[in-house]
Amino acid sequence: METPLFNDKFVNRHVGPDESDIKQMCDTIAVSSLDELVEKALPESIRSEKKLELDEPLSEYHMIERLTEIANENKLFKNYIGLGYYPVILPGVIRRNILENPDWYTPYTPYQAEISQGRLEALLNFQTMIIDMTGLPIANASLLDEATAAAEAMAMLFNFQKNGKKNANKFFVSNDVFPQTIEVLKTRSEPIGIELVIDEPGNARFDESYFGLIVQYPASSGKIIDYSELFKKADEFGILKAVAADLMSLTLLTPPGEFGADVAVGATQRFGVPMGFGGPHAAYFATKEEYKRFVPGRIIGVSIDRHGNRALRMALQTREQHIKREHATSNICTSQALLAVMASMYAVYHGPEGIKNIAERIHYLTSLLNSHLKNMGLNQLNDFYFDTLLIKFKNPSEVESVRKLALERKINFRYTDADKISISISQATTFEDIAEIVEIFDKALGLSYSTKVDKIEFDYYAIPDKLKRRSPYLTHPVFNKYHSETELMRYIKSLTVKDFSLTTSMISLGSCTMKLNAATEMFGISWEEFTEIHPFAPSDQAEGYFRIIKELGDDLMKITGFKGISFQPNSGAQGEYTGLMVIRAYHKSRGEGNRNIVLIPSSAHGTNPASAVMAGNKVVVVKCDENGNIDLNDLKSKAEEHKDNLSALMVTYPSTHGVFEEDIVEICKIIHDNGGQVYMDGANLNALVGLAYPAEIGADVCHINLHKTFAIPHGGGGPGMGPIAVAEHLKPFLPGHPLVKTGGENAISAVSAAPFGSPLILIISYAYIKMMGGEGLTHATKAAILNANYLKEKLKSYFPVLYSGKRGFVAHELIFDTRKFKQTAKIDVDDIAKRLMDYGFHAPTVSFPVPGTLMVEPTESESKYELDRFCDAMISIYNEIKEIEEGKFDAEDNVLKNAPHTPFELSADEWNHSYTRTKAAFPVDYLKIYKPWVSVGRINNAYGDRNLICSCPPVSQYE
2 METPLFNDKF VNRHVGPDES DIKQMCDTIA VSSLDELVEK ALPESIRSEK KLELDEPLSE
62 YHMIERLTEI ANENKLFKNY IGLGYYPVIL PGVIRRNILE NPDWYTPYTP YQAEISQGRL
122 EALLNFQTMI IDMTGLPIAN ASLLDEATAA AEAMAMLFNF QKNGKKNANK FFVSNDVFPQ
182 TIEVLKTRSE PIGIELVIDE PGNARFDESY FGLIVQYPAS SGKIIDYSEL FKKADEFGIL
242 KAVAADLMSL TLLTPPGEFG ADVAVGATQR FGVPMGFGGP HAAYFATKEE YKRFVPGRII
302 GVSIDRHGNR ALRMALQTRE QHIKREHATS NICTSQALLA VMASMYAVYH GPEGIKNIAE
362 RIHYLTSLLN SHLKNMGLNQ LNDFYFDTLL IKFKNPSEVE SVRKLALERK INFRYTDADK
422 ISISISQATT FEDIAEIVEI FDKALGLSYS TKVDKIEFDY YAIPDKLKRR SPYLTHPVFN
482 KYHSETELMR YIKSLTVKDF SLTTSMISLG SCTMKLNAAT EMFGISWEEF TEIHPFAPSD
542 QAEGYFRIIK ELGDDLMKIT GFKGISFQPN SGAQGEYTGL MVIRAYHKSR GEGNRNIVLI
602 PSSAHGTNPA SAVMAGNKVV VVKCDENGNI DLNDLKSKAE EHKDNLSALM VTYPSTHGVF
662 EEDIVEICKI IHDNGGQVYM DGANLNALVG LAYPAEIGAD VCHINLHKTF AIPHGGGGPG
722 MGPIAVAEHL KPFLPGHPLV KTGGENAISA VSAAPFGSPL ILIISYAYIK MMGGEGLTHA
782 TKAAILNANY LKEKLKSYFP VLYSGKRGFV AHELIFDTRK FKQTAKIDVD DIAKRLMDYG
842 FHAPTVSFPV PGTLMVEPTE SESKYELDRF CDAMISIYNE IKEIEEGKFD AEDNVLKNAP
902 HTPFELSADE WNHSYTRTKA AFPVDYLKIY KPWVSVGRIN NAYGDRNLIC SCPPVSQYE
């Protein structure tokens, strides 16, 4: 009897084309095999003979076993550490219907607003929540973390005052701001010429050299401080004011907008998002109307569609770094959309009374603990507080006695000094927990305290009357309707049907890599052994996390060929910035701090020049030739011209034009010969894994988009992770952290709030790599290149391919030129993008990097069937354009100009178009089997920018 074959390799689940498909597709593009395709697509100079040697791949079943083993290496302690991270209770309805729902975690950033209305509404709810809670009229759709948000506030205020012709450069920072925030402020201030002055608010001595300040509310120590006198002094010199505020506390405290803040920032982690060893969590950013043109990140705005109906879209700063490039004030292009959605739904579910009840309970339990500590004779230093007490002891030995007993009881406090302990109470704290804390102090200090901790009645408010909140919040109907699980479940579902995600169809966005985010990879992010770890807990409690960080880091170094890695950057753009800061520190260590020129090809991502300027550099643009490659002569000329001051080249490989440049090795050599370093943008690493290694090509540092190449889902615009891998000589400069040992011996200061960025989602990439193995990852790369070249061959007769390599092949993505249709039929690229929605597809990347084109990346996860379906749609659209060219349909009233078509329009009593309803809605047969519908018509962006509304307006659907 034959032994059965076991073919449960995960690679066969991840990669779309099977063996039969691959054979047919290779025939179509006239190659005999994937290996021949690689030989023709990749330059010989970069192809490596070295196999990618990773662990043997695990099956999905064995991956869960491995992950369970790792999870058990973490230790679950009760955490009272605080510092911006708190245990929370995530409602099951939000966990199951959002966090674990691919309708929410697989969509891309809502650049195509008509098929993103559900996410946009949830993010508008988020903005409304922030506006209400902070008392400021403008809020964005989230930032990466609280420390980054504070740094963005500092930069915004700096740029705003410069715009007003003021040249002050000092920024006052309260010494009671979270230490991780102060560290990121240090990192971000120095390169752009801002001088930080860190001191107690009472010691502030302002003059004309100050442009801004930031304070913590409540302070890091837990104190509630009245900043009115500080702000009054600041106003005398026109100093702008930022407040980092705890969102939960603002249900009880006067909001920052009501006591003079120009900006409020903070985290929304307390609104139902687990700690996850530091992230991901959505930060918030709110400000006044006069700063709206300076706000970093994304703002969701209300507009109308072509029928005059309410419709949402991203407004103002959308992709500002792609437009402004080196003049951009921020490189933020990733928000924390999925986490912002979760936080907004937490507010929707609980409503204003529910949120206030949670805050009051936290404050009550804190006051209860304070009452008992004082009765025990302990010196609690905070007269006014929300959730945090600071206890001063007579000598350090008492602190050590408490620490020892607390650890035995599996409890973490924050030990701020040798003689102080800080305790932060959270939503998860119970009366029994308070009794346990009292018992620990009693036993550790030998006090024989006998009073029973019970639900006693007493005046527990420890908030000064002047700072008690009196203004309403969360008054919009959306926060007052969906409080039962049934209603919230239905509301969430009503939003998902307005969106396209990977559950709908292929999302072929060039430069975005919308590949499969497998369910097995996602499992661990819901397990409490990973979600309930505080980022500043003792390291022996997070051994599972450290194992993932070590093993994933080792694998990524093998994949890139580098010798060091940092997981701190929270996005690809943050990875760019961090890489450049590491290069900057390296040059300074060699006495070459003058090196500040960064060469950037004209085709580069817009975040590249923005990151370079933020890191204190000057950008020199390098030309590209007619084939989309870096102009070698121009590069050489500019490298030699600036050789005394050359810091780095920023290069994306394969290029942003979707081709493997033949001269990349020579390009790297030119930079090195002129004293510079090579920073490789890892956005397109999906086309290199297992075939070529950035370190061998000649790069010195490379950021890695884990949310692209390594399967972390995009979540509607975040979370993302952008770790950097570096060569040996740059390892000493990898970023450190003020509270956890990270980085090298000459580490730059922190770039993110948490020491390892967003570790919870590292589990996803860890699982992906472990299940794929070296051979599987290499096969995936080949399949990605195959899929792109298959689309090229199938569609080139209809839509010319703008750039291809020396032998006529593209990399893993390609650019279709649609500009000629503007002349022949008055059809532009946006018309094609919107018409694709009628065919059930998300549009490719529109007008980037070349205006008037479509950039397509099918990824390795899409099957031949799905690729053929996409080709059918594109060919059908081509034929619709031909009909306009031939005069069969009007140049203004046609299926493309009017796309997308909503079911309301199609079912209306009147139909005033020359084409039929069937042609509008069902142009190809497959749509008769499954048709995803759009909920709004084409959106009027100009109207929305003229009439900026970034909070929930009163609309009939809520009444």
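Numbers given in my numbering equal positions in the sequence shown, counted from 1, plus 1.
For glycine and all other residues, C-beta sits at the position ideal for the given N, C-alpha and C.
Please read all numbers here as calculations on a predicted model, not as lab measurements.
Query                                                                                                                                                                       : Result
How many Å lie between PRO58 and THR779 at the Cα?                                                                                                                          : 12 Å
What did DSSP end up calling PRO281 once you bin it into helix, strand or coil?                                                                                             : coil
Along the chain, where does the alpha helix (DSSP H) containing GLY576 start, and where does it finish?                                                                     : 573 to 590
Expressed to the nearest angstrom, what Euclidean distance is found between the alpha-carbon atoms of ASN228 and TYR483?                                                    : According to the sequence shown, residue 228 is Tyr rather than Asn. Roughly 37 Å between the two C-alpha positions.
Run the CB neighbour count on ARG947, radius 10 Å, all protein chains shown included, and call it buried at 16 or more, exposed below.                                      : exposed
Drop a sphere of 10 angstroms on the beta-carbon of THR319, count the other beta-carbons inside from all chains shown, and report buried for 16 or more, exposed for fewer. : Because THR319 sits at a pLDDT of 47, beneath the cut-off of 50, its placement in the model cannot be relied upon, and the following sentence gives the value as read from the coordinates. With 16 or more other Cβ atoms within 10 Å, it is buried.
GLU887: which of LYS827, GLY165, THR903 sits nearest, CA to CA?                                                                                                             : LYS827
Enumerated in chain order, which unbroken segments of the beta strand (DSSP E) with a length of 3 residues or greater are wholly contained in the region 114 to 187?        : 171 to 175
What are the start and end residues of each continuous alpha helix (DSSP H) run of 4 or more residues lying completely inside the region 821 to 908, in chain order?        : 821 to 826, 830 to 839, 865 to 886, 904 to 907
Apart from the five residues on each side of it in sequence, which residues of its chain come closer than 7 Å, Cβ to Cβ, to LYS624?                                         : SER603, ASP632, ASP635
Excluding the five sequence neighbours on either side, which residues of its own chain have a C-beta within less than 8 Å of the C-beta of GLY565, listed in chain order?   : MET558, ALA726, VAL727, ALA728, GLU729, LEU731, LYS732, LEU735, GLY745
Taking only three categories from DSSP, how would you classify PRO92?                                                                                                       : coil
Given 8 Å as the limit, is there contact between the region 690 to 706 and the region 48 to 55, that is, 3 or more CB pairs closer than that?                               : yes
Where does ILE300 sit, in a helix, a strand or coil, going by DSSP?                                                                                                         : strand
May I ask you to verify whether the region 82 to 97 touches the region 503 to 518, counting CB pairs closer than 8 Å and requiring at least 3?                              : no
Quick one: what's got a C-beta closer than 6 Å to SER190's C-beta in the same chain, skipping five residues either side?                                                    : LEU197
In angstroms, rounded to a whole number, what distance separates the CA positions of GLY576 and GLN569?                                                                     : 8 Å
Using a Cβ-Cβ distance under 7 Å, would HIS738 count as near chain B?                                                                                                       : Of the protein chains in the structure, only one exists, and it is not chain B.
Contact defined as beta carbons within less than 8 Å: I believe ASN75 pairs with GLY280. What is the distance between those atoms, to the nearest angstrom?                 : That pair is no contact at about 16 Å.
Assuming the contact rule is C-beta atoms closer than 8 Å, LEU68 and ALA768 should be a hit. Round their C-beta distance to whole Å, please.                                : 7 Å
For VAL660, collect the residues of the same chain with a Cβ closer than 8 Å to its Cβ; drop the 5 residues on either side in sequence, then sort them by chain order.      : ASN628, GLY629, ASN630, TYR804, SER805, GLY806, VAL811, ALA812
Locate the beta strand (DSSP E) running through HIS704, then write down its first and last residues.                                                                        : 702 to 704
Going by beta-carbon coordinates alone, are ASP500 and SER117 separated by less than 7 Å?                                                                                   : yes
If distances are taken between C-alpha atoms only, which option among LYS411, ARG362, LYS421, SER345 comes closest to LEU1?                                                 : No answer is possible for residue 1: the residues shown for the chain start at 2 and end at 960.
Determine which residues share a DSSP beta bridge with MET681 and list them.                                                                                                : VAL652, CYS703
Give the single residue among GLY85, ILE526, MET276, SER175 whose Cα lies nearest to the Cα of ILE713.                                                                      : ILE526
If you check the beta carbons only, do PRO111 and LEU121 fall under 7 Å apart?                                                                                              : yes
To the nearest angstrom, report how far apart VAL621 and ILE424 are at their CA atoms.                                                                                      : 51 Å
Is the region 526 to 538 touching the region 873 to 886, taking contact as three or more C-beta pairs under 8 Å?                                                            : no
Pick out whichever of PHE212, ALA611, SER472 has its Cα sitting closest to the Cα of GLY165.                                                                                : PHE212
List the endpoints of the continuous alpha helix (DSSP H) containing PHE531.                                                                                                : 529 to 532
Since THR657 and HIS606 are thought to touch, with beta carbons under 8 Å apart, how far apart are those beta carbons, to the nearest angstrom?                             : 6 Å
Please specify which runs of the alpha helix (DSSP H), each continuous and at least 4 residues long, are wholly inside the region 42 to 78, giving them in chain order.     : 61 to 72
Express the C-alpha separation of THR903 and TYR492 in angstroms, rounding to a whole number.                                                                               : 20 Å
Out of GLU66, GLU115, ASP9, TYR87, which one is the CA nearest neighbour of ASN941?                                                                                         : GLU115
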